[in-house]
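Let me begin by presenting the structure, written as structure tokens, before commenting on it.
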Amino acid sequence: MNLEELLAFAGRNQIMSLAFVGLTVAIIATEIARLFRGYKPLRPAELTALINRENALVVDMSASGDFEKGHIAGSRNVAPSQFDPESKLIAAAKSLPVVLVCRNGQVSAGAAKRLKKAGFEQVYWLDGGVAAWQQADLPLVKGR
Numbered sequence: 236m237n238l239e240e241l242l243a244f245a246g247r248n249q250i251m252s253l254a255f256v257g258l259t260v261a262i263i264a265t266e267i268a269r270l271f272r273g274y275k276p277l278r279p280a281e282l283t284a285l286i287n288r289e290n291a292l293v294v295d296m297s298a299s300g301d302f303e304k305g306h307i308a309g310s311r312n313v314a315p316s317q318f319d320p321e322s323k324l325i326a327a328a329k330s331l332p333v334v335l336v337c338r339n340g341q342v343s344a345g346a347a348k349r350l351k352k353a354g355f356e357q358v359y360w361l362d363g364g365v366a367a368w369q370q371a372d373l374p375l376v377k378g379r
């Protein structure tokens with residue numbers, strides 16, 4: 236296929252061509268925004284290494300009942316409604332790696348954005364949440 240054939244195809248299929256260009260631009264914009272947002276997703280194995288290597292603070296944003304059913308060892312429970320970057324627990328770790336965790340990764344991603352805006356240097360969130368942790372066959376601790 237040469238350039239002339241490609242241009243002829245685009246001319247015959249204008250809607251499909253515009254859709255392709257629009258999707259391509261959207262994907263590129265999303266990826267560029269992801270690179271510069273300042274907080275990063277972690278996979279379970281990366282979280283384990285960060286905890287062991289840099290003594291990361293793991294903040295679990297699950298509801299109290301879900302936290303008691305199973306959480307990552309050493310994590311601290313903070314309900315989303317009580318999440319505040321200025322709280323004693325979180326503010327003390329401003330220069331340490333802070334990893335936010337929830338059940339599926341959605342709530343923790345939003346909280347990571349708040350921490351970064353509050354001036355935290357190393358902010359992460361567990362992509363896929365506790366569900367991803369379990370799928371990786373990593374252990375959970377029950378109780379408080």
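What the sequence shown shows, in the numbering used here, is residues 236 to 379, in sequence order.
Even for Gly, the Cβ is constructed at its ideal location relative to N, Cα and C.
Please read all numbers here as calculations on a predicted model, not as lab measurements.
Leaving aside the five residues that flank residue 332 on each side, the residues in its chain whose CB is nearer than 6 Å to its CB run, in chain order, 285, 289, 291 and 357. Taking the C-beta atoms as reference points, residue 371 is found nearer than 8 Å to residue 279. When the beta-carbon positions are compared, residue 378 and residue 337 stay at least 8 Å from each other. When only Cα atoms are considered, residue 307 and residue 268 end up about 30 Å apart. The beta-carbon distance between residue 316 and residue 294, rounded to whole angstroms, is 14 Å. This is too long to meet the 8 Å contact definition. The DSSP assignment places 279 to 289, 299 to 304 and 323 to 326 as complete runs of the alpha helix (DSSP H) inside the region 278 to 339, in order along the chain (cut-off: 4 residues). Pairing residue 334 with residue 282 gives a Cβ-Cβ distance under 8 Å.
Contact check for residue 340 against residue 368 fails: the beta carbons are separated by 8 Å or more.
DSSP places residue 361 in the uninterrupted beta strand (DSSP E) bounded by 357 to 361. A Cβ-Cβ contact shorter than 8 Å links residue 375 with residue 305.
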